[in-house]
Amino acid sequence: MTLKCDLQYGKGDASYKLTRVGVRNVRKPVVVHREGLGETLNNTLSCAIDIYVDLPADQKGSHMSRNVEVLNEVVDESIRHPITAIEDLAADICRRLLVHHEYAKNAEVHISAEYYKVNKTPQGRDTFEIYTLYAGGTIVRDGPLTKTVGVRAVGMTACPCAQQTVTEMLEYSGDMPVMSHNQRNVCTLMVTMPEDVSIEADDLIDLVEASFSSPTFELLKRPDEGQVVINAHRNTRFVEDVVRQVLDRFVKRYTDLPDSVQVDVVSDSEESIHKHDAYAERTATLGELRAENQ
Numbered sequence: 048m049t050l051k052c053d054l055q056y057g058k059g060d061a062s063y064k065l066t067r068v069g070v071r072n073v074r075k076p077v078v079v080h081r082e083g084l085g086e087t088l089n090n091t092l093s094c095a096i097d098i099y100v101d102l103p104a105d106q107k108g109s110h111m112s113r114n115v116e117v118l119n120e121v122v123d124e125s126i127r128h129p130i131t132a133i134e135d136l137a138a139d140i141c142r143r144l145l146v147h148h149e150y151a152k153n154a155e156v157h158i159s160a161e162y163y164k165v166n167k168t169p170q171g172r173d174t175f176e177i178y179t180l181y182a183g184g185t186i187v188r189d190g191p192l193t194k195t196v197g198v199r200a201v202g203m204t205a206c207p208c209a210q211q212t213v214t215e216m217l218e219y220s221g222d223m224p225v226m227s228h229n230q231r232n233v234c235t236l237m238v239t240m241p242e243d244v245s246i247e248a249d250d251l252i253d254l255v256e257a258s259f260s261s262p263t264f265e266l267l268k269r270p271d272e273g274q275v276v277i278n279a280h281r282n283t284r285f286v287e288d289v290v291r292q293v294l295d296r297f298v299k300r301y302t303d304l305p306d307s308v309q310v311d312v313v314s315d316s317e318e319s320i321h322k323h324d325a326y327a328e329r330t331a332t333l334g335e336l337r338a339e340n341q
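With the working numbering, the residue at position 33 of the sequence shown is 80, and numbering never jumps.
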């Protein structure tokens, strides 16, 4: 059967360029291997992937099936030859998209995945905690390719203001921290960097968790539960403090990264004594953060 020419190459009803056209939330398994740490650490991630290219004004539609074809190629290759990071997968997809979409000038990929990481409770019990990984890539034809790696972690903050108020009301002067109200804090750290730069997601998770009043855990027996509460109230934090702690740790940890690296930190606290939530965010280049930290 002979088919007519693709309608996508025809003229649209109105001549406007489109910034992003593509497919969203394509679910694929991706095998990641931690280089040099042994085959036992191969990890299959269930990824949700968004793929876009731009569309010129004189073309009616994008060939969206090509996006899925490119994705299938890259994912199949990752199963046979595991990748070391999903941001590298995103970068590879971006590059191939411009080959398959000859009319596009830009390509963009976003990936999110659930991720389990070995951790320890305050009393030293082994635990397996869940996080969200983010990755992405953007490319301009005949221009640079940048990639993004990010993490989302859930922790706990204890309010320093309420603690000070309670301390004054009780006229307390002991060594143990007094009560305060708490929040479940969700912190996201995203880092956008040149293609030749690499950052380990596990390190970003550790950095974020160190910035809470305390990490939280799926299962806590009573001694661990008590220690989490004590630790959090010894280390009170505002929602703003979490962002600043993440930024400070990032600047001190990654002294060799170029100034052009962009950092975005979001701290979102689900309040316990208010009916609203508290929010703080900072987006900046590493060069800007270094200048502020001098």
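In this text, a Cβ means the ideal position worked out from N, Cα and C, and glycines have one as well.
_For a test of the three-state rule: what should DSSP assign to S307, helix, strand or coil?_
coil
_I126 classed as buried or exposed, judged by whether at least 16 other C-beta atoms fall within 10 angstroms_ = exposed
*asked:* For a quick check, are the C-beta atoms of L217 and A160 less than 8 Å apart?
replied: no
*Would you mind working out which of A248, G171, I246 and T66 sits nearest F264, comparing C-alpha positions?*
G171
*To which residues does DSSP link M237 through a beta bridge?*
G197 and D311
_Buried or exposed (CB count within 10 angstroms, at least 16 for buried), V165_ = exposed
*Unbroken alpha helix (DSSP H) runs of length 4 or more, entirely within the region 261 to 297: which are they?*
269 to 281
*DSSP on Q341, reduced to helix/strand/coil?*
coil
*Within the same chain, show all residues whose beta-carbon is closer than 7 Å to that of K75, passing over the 5 residues directly before and after it, in chain order.*
C94, I96, L118 and V122
*Look at the Cβ atom of Q230, then the Cβ atom of E317, and state whether they are nearer than 8 Å.*
yes
_T66 (DSSP reduced to helix, strand or coil)_ = strand
*asked:* Which residues does DSSP list as the beta-bridge partners of A160?
replied: C94 and L180
*Just to confirm, are L343 and L333 a CB contact at a threshold of 8 Å?*
Because the chain here runs from 48 to 341, residue 343 falls outside it and cannot be looked at.
*Take T212 as the anchor and find which of G190, H228 and I98 has the nearest alpha-carbon.*
H228
*What do you get for M203, buried or exposed, if any count of 16 or more other CB atoms within 10 angstroms of its CB means buried?*
buried
*Where does N72 land, buried or exposed, given buried means 16+ other C-beta within 10 angstroms?*
exposed
*By how many angstroms is the C-alpha of Y99 removed from the C-alpha of K167?*
39 Å
_Euclidean distance between Cα positions of V77 and H148_ = 24 Å
*asked:* Once the 5 residues before and after E146 are set aside, which same chain residues still bring their CB inside 6 Å of it?
replied: Note that residue 146 is Val in the sequence shown, not Glu. Closer than 6 Å at Cβ, skipping near neighbours: no residue.
*Assigned secondary structure, Q210 (DSSP; H/G/I helix, E/B strand, else coil)*: helix
_Cα-Cα separation between E242 and A138, rounded to whole angstroms_ = 8 Å
_Among V312, E247, T195 and H280, nearest to H80 - alpha-carbon criterion_ = E247
*Simplified DSSP assignment, three categories, for D139*: helix
*Identify every residue that forms a DSSP beta bridge with L192.*
I186
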